[in-house]
Each structure stands twice: as C-alpha cells, then as structure tokens.
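Chemist: If you scroll down you'll find the structure; I have some questions about it.
2 protein chains.
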Amino acid sequence: MFSKVIISDDLGSISQGVLSVLGNLSITNVTQVQYCDDAYLKISKAILDQEPFELLITDLSFIADHRDQKYKSGEELVAALKQQNPDLKIIVYSVEDRLQKVRVLVNKHNIDGYVCKGRRGLIELDQAIVTTYQNGQYLSPQVQQALSPKSNLEIDDYDILLIKLLSNGLSQEQIREQLKIDNISPNSLSTIEKKLNKLRIQFKANNAIHLVAIVKDLGLI
Amino acid sequence: MFSKVIISDDLGSISQGVLSVLGNLSITNVTQVQYCDDAYLKISKAILDQEPFELLITDLSFIADHRDQKYKSGEELVAALKQQNPDLKIIVYSVEDRLQKVRVLVNKHNIDGYVCKGRRGLIELDQAIVTTYQNGQYLSPQVQQALSPKSNLEIDDYDILLIKLLSNGLSQEQIREQLKIDNISPNSLSTIEKKLNKLRIQFKANNAIHLVAIVKDLGLI
DNA sequence: TAAGTCATTACGGGAAACCGTAAAATACAT
DNA sequence: ATGTATTTTACGGTTTCCCGTAATGACTTA
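Protein sequence lines, in the order shown, are assigned to chains V and F. Per our numbering, the first sequence starts with residue 12, numbered consecutively. Per our numbering, the second sequence starts with residue 12, numbered consecutively.
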C-alpha cells in the first residue's frame, strides 16, 4: 500500500474524514496542507530529499484569502504536478460532478482517480486509493460516463469559448473581433451565429440569454 | 451548554469535523442524519418523547438520490422547523456565502447562526455554538454585512423577478405578458426596459446576457 | 477527375433589444 | 388645492440578434 501521502483541502473538516480512511488502510505517513502552493512545495521538496510522496488527494476549489497563491485551484496544481512528475498518483476528491470537468482532468491531466464528495464519498475514496495503488483508474459511479464516448454531446472547447465570451458581455460582432485577435478560426460572424444557433437547439434554449443561463447552471462555464 | 444536538449533513466527512468540535465543548449526546426528512422526523419524535433537541446544525444543499424527500434542502427544513418549533436553535453550516441567502435565512426563518465552511469553519462553528447557547446570534465574518442595512443595493424582488424571467428565456415582450397574467405591476414594455437598463448600469453589464451571467454568479438568482 | 458531403462565409429580411425623449399617471409636499 | 417630483407608459430610431438561403472552399470517395 502507499506509504507516503499528502492531502490538499482547504476545509479542515473534510481532511479529517480522509484521514480516517487512510488510517483504515494503515497509511500513517500523511501530510495535510490547506493551500495548493504548499502542496506543490512539499511535493517538490520531498523529491529533492529522495523521499517523494506517492499519492496526492486534492480538492478542486480553494477559497481565496489574503495569501496570494500561484496555484489557485486544484486543477492548476494537478496540471503542474503531473507534467513535472508523472509518477505521482493523484486522486481528486471534490463535490464537483460536472462531466466536462472530469473529462478534462482525466484526459488532459491524466489524474488517476476522481471521487465525488457525497454520502458514499469516503467509501469510494477507499476504493479509489486501492485501485490507484494497483495502477488502475477509479471514477465515482456518477461521473463514469464522463469517459464513455457515447456521452459525446458534441460540444467542444470552441463552443464553450463562444458561450463564455457571450457571458462576458461581448456581442457577436465583438466575439468575431476577439477570435481574430486570438487567431482562432472559424471567426466569421455567420459561423458564430450558426454555432450559437446549434447550441441553442441542443440545450433547448429560447435565446442567447437562456443559453448562457442554462450552460451556467450546468457548470460548463 | 447544550446537552442534546442533531447534525444534518449529507457529506459524512464533514459531520466528523463537526463532531470533534462538539466533543471539545463536552457535548456527547449527538445525533447525525444525512437526510433532511430524517432530521425532521427525529426532531419531531424527540419533542413527543419530552426529550427535545436543543440545537440543530445543518447544511443547506443535499444531493438528491433515490430516496424521495419531502424537505429537499436545508432551507426547507429550517423553514418548517422554526415555524413549528421556535425554541429549537438552528445553526446553518454551509459553503454558501451569498448574502442574499443568508439574509433570507436570518430575517425570514430566524436562524440563530450562520457559519461558512472554510478554513476557519470549525473555529467559527465553535464560537457560533457558544454564542447561540447564550441566546445570541452568530454570523461568519464574511457574511456579517448581509444584515447591515447599508449594504442595501436597492435591488428589490421585482428586479430579481425580471432577471429571473429573462434567464428563463422569456423575451421582454413575454415578460410583459407574464407580469400581466400574474397581476404584477408595473408591466409595460417600456418600464421593463428601463428597469433592466438600470440594472445593467448597476452591475456594469454590457447587455442582458452579461447581466444574467453576473447576477447568476452573485447567486441572486 | 468528378461528384458529393461538410464546414465556412456572405448576405438580407424580420424580430428583439437598446436608447433617448416625452407624455401621462401617481405620489407627495406645502 | 396646487405645484413638484417620481413613476409609469408610449413612441421612434438605431443596433444587435435571429433565421433562412446561397455561394465558396476543403475534403472524401468513387
């Protein structure tokens, strides 16, 4: 079993639950941090000391406070860590159950497990740790469909970007300009209209306002 | 100090933290539930048994699952309990830090304390319990301004309604019709335009889409 | 190479949103 | 009661959005 584990979660009360799970698995060498930057530093230092952590269990959202942080979210932390140190296993433990988020974390950042905080969260976390130790991948049941290709709703990053720009108050004309500036194509007004129209149909939205509201509720932006 | 307490929170890991706080206060008679309906039933039964609970600590959001619930959120639970049983002290312990939410809970439902889950959550919860026991009211620092009248941004229920209807996909014309149907005045297209325009300025929004996005982020709708 | 499919772009008409101005209705003071 | 301020409503002009059609270009397949 893992012998050296680090937990990153700004809610002290949650870490306590995770600790008890680790205890049940006879993992005693556990470090707790409440800031992503601390996690990053401790993990880096442990590598230099030739005593690297084997597993990171981290939350996604960290409430900002007076301390300025380089890594402001679990996602940023994970991205940095997995790039520099692919050997470190990472399990994300979060209330977030949006498939889009999970997809990105698994496919882009190669995390080893994703557990939703919930009634069965700690039970699932237990399983996730065991599976991960055996080089497997664990996803909570409610997000497993995130990876199955059939659940491909055909909304890609471009679509998300459009809606995000819309929600930031840009007109379709301004979106066109922005895409040109950022060298993103397609960027004609007509295509932008057409894409947004497709999205409206897909999400059964009456108009652009409705679309933004729906997509915001779904947590896609 | 309180002698009989009940905790309602669907995340088992969080309840553990709360338990340790209660333990530090030498409160040992503690009941835990993970569903609002269970909380309601246990509290009601305890009254019948002449051994009522003195304090409820509850979360706001409960993830829906297979079990059909009469009370689906902490807010509904609180509303029902405080109405039938004003003596029961209630502390809400939630990640939610939207002032609007807190305002409603305090003013309308008369809760005794509101603590935000966060780094200092458990410390604040400790204080909240003590204060509440002395018949005081406790609010986490970040939401204290919720009650100060100066934070009155002059947005009333009518404004919120307009934005909510907008976010539901209604056009201004459809909003006019809806207001007429519901016998809400003013309900002319012109006034609706004007109000929304005022709101756009107030929230520094470029257009209606932007307005809805901002207000959604603020948690007002 | 030719035909066919699909994404991208262009354009035009009608609907809705946006904006200013002004008239009508209402509330409120002396 | 009368004048003043505020709210509500009405209206016209401009911009943006919404929607259909069609032309262009890229790519696949025969």
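Note that CB positions come from ideal geometry on N, CA and C, so glycine has one too. Small disclaimer: the values here were computed from a predicted structure and weren't measured.
Within the same chain, show all residues whose beta-carbon is closer than 6 Å to that of F:F64, passing over the 5 residues directly before and after it, in chain order.
Modeler: For F:F64, where only same-chain residues beyond five positions count, the Cβ hits under 6 Å are K15, I17, I54 and A57.
Chemist: By how many angstroms is the C-alpha of V:L110 removed from the C-alpha of V:D307?
Modeler: The structure shown has nothing for residue 307 of chain V, since chain V only spans 12 to 232.
Chemist: Would you say F:A224 reaches chain V, if we count a Cβ-Cβ gap shorter than 8 Å as a contact?
Modeler: Taking Cβ atoms only, chain V reaches closer than 8 Å to F:A224, which makes this a yes.
Chemist: Answer with yes or no whether the minimum CB distance from V:G85 to chain F is below 8 Å.
Modeler: No - not a single Cβ of chain F is within 8 Å of the one on V:G85.
Chemist: Residues of chain F with a CB under 8 Å from the CB of V:H221: which are they?
Modeler: Within 8 Å Cβ-Cβ: S178, N179 and G180.
Chemist: Pick helix, strand or coil for V:I195, following the three-state DSSP scheme.
Modeler: In the structure shown, V:I195 sits in coil (DSSP, three-state: anything other than H, G, I, E or B).
Chemist: How big is the Cα-Cα spacing for F:G28 and V:T42?
Modeler: Each residue's Cα considered, the two are about 18 Å apart.
Chemist: In whole angstroms, give me the CA-to-CA distance for V:D70 and V:M12.
Modeler: If I take the Cα positions, the gap works out to 22 Å.
Chemist: Sorted by chain position, which residues of the same chain lie with C-beta nearer than 6 Å to V:A216's C-beta, five sequence neighbours on each side aside?
Modeler: Only L222 and I225 meet the Cβ criterion.
Chemist: Can you check whether the CB of V:Y82 is closer than 8 Å to the CB of V:L51?
Modeler: Residue identity check: residue 51 of chain V is Tyr in the sequence provided, not Leu. Contact: yes.
Chemist: Would you mind telling me which residues of chain V sit closer than 9 Å to F:N35, beta carbon to beta carbon, in chain order?
Modeler: Those within 9 Å of F:N35 in chain V number zero; the least Cβ separation is about 13 Å.
Chemist: At least one CB of chain F closer than 8 Å to the CB of V:A75: is that the case?
Modeler: For V:A75, the answer is no, since every Cβ of chain F falls outside 8 Å of its Cβ.
Chemist: Kindly confirm or deny that the segment 196 to 203 of chain F and the segment 193 to 211 of chain V touch, where touching means at least three C-beta pairs closer than 8 Å.
Modeler: Verdict: no, contact absent.
Chemist: So is F:Y169 buried or exposed if we call it buried at 16+ other beta carbons inside 10 Å?
Modeler: Exposed, since its Cβ has fewer than 16 Cβ neighbours within 10 Å.
Chemist: Considering only C-alpha positions, which residue in the set V:A75, V:A139 and V:Q61 is nearest to V:L36?
Modeler: Minimum Cα distance to V:L36 is reached at V:A139.
Chemist: Can you pull the DSSP bridge partners for F:N40?
Modeler: Answer by DSSP bridge pairing, in chain order: F:K15.
Chemist: If we count the other Cβ atoms within 10 Å of its Cβ and call it buried at 16 or more, is V:D20 buried or exposed?
Modeler: The residue is buried, with at least 16 neighbouring Cβ atoms inside 10 Å.
Chemist: Cβ closer than 7 Å: which chain F residues qualify as neighbours of V:K227?
Modeler: The contacting residues are A224 and K227.
Chemist: Nearest to V:E184 by alpha carbon, out of V:I174, V:L33 and V:I203?
Modeler: That would be V:I203, whose Cα lies nearest to the Cα of V:E184.
Chemist: Return the CA-CA distance between V:G85 and V:C47, expressed in angstroms with no decimal places.
Modeler: Taking the straight line joining both Cα atoms gives about 7 Å.
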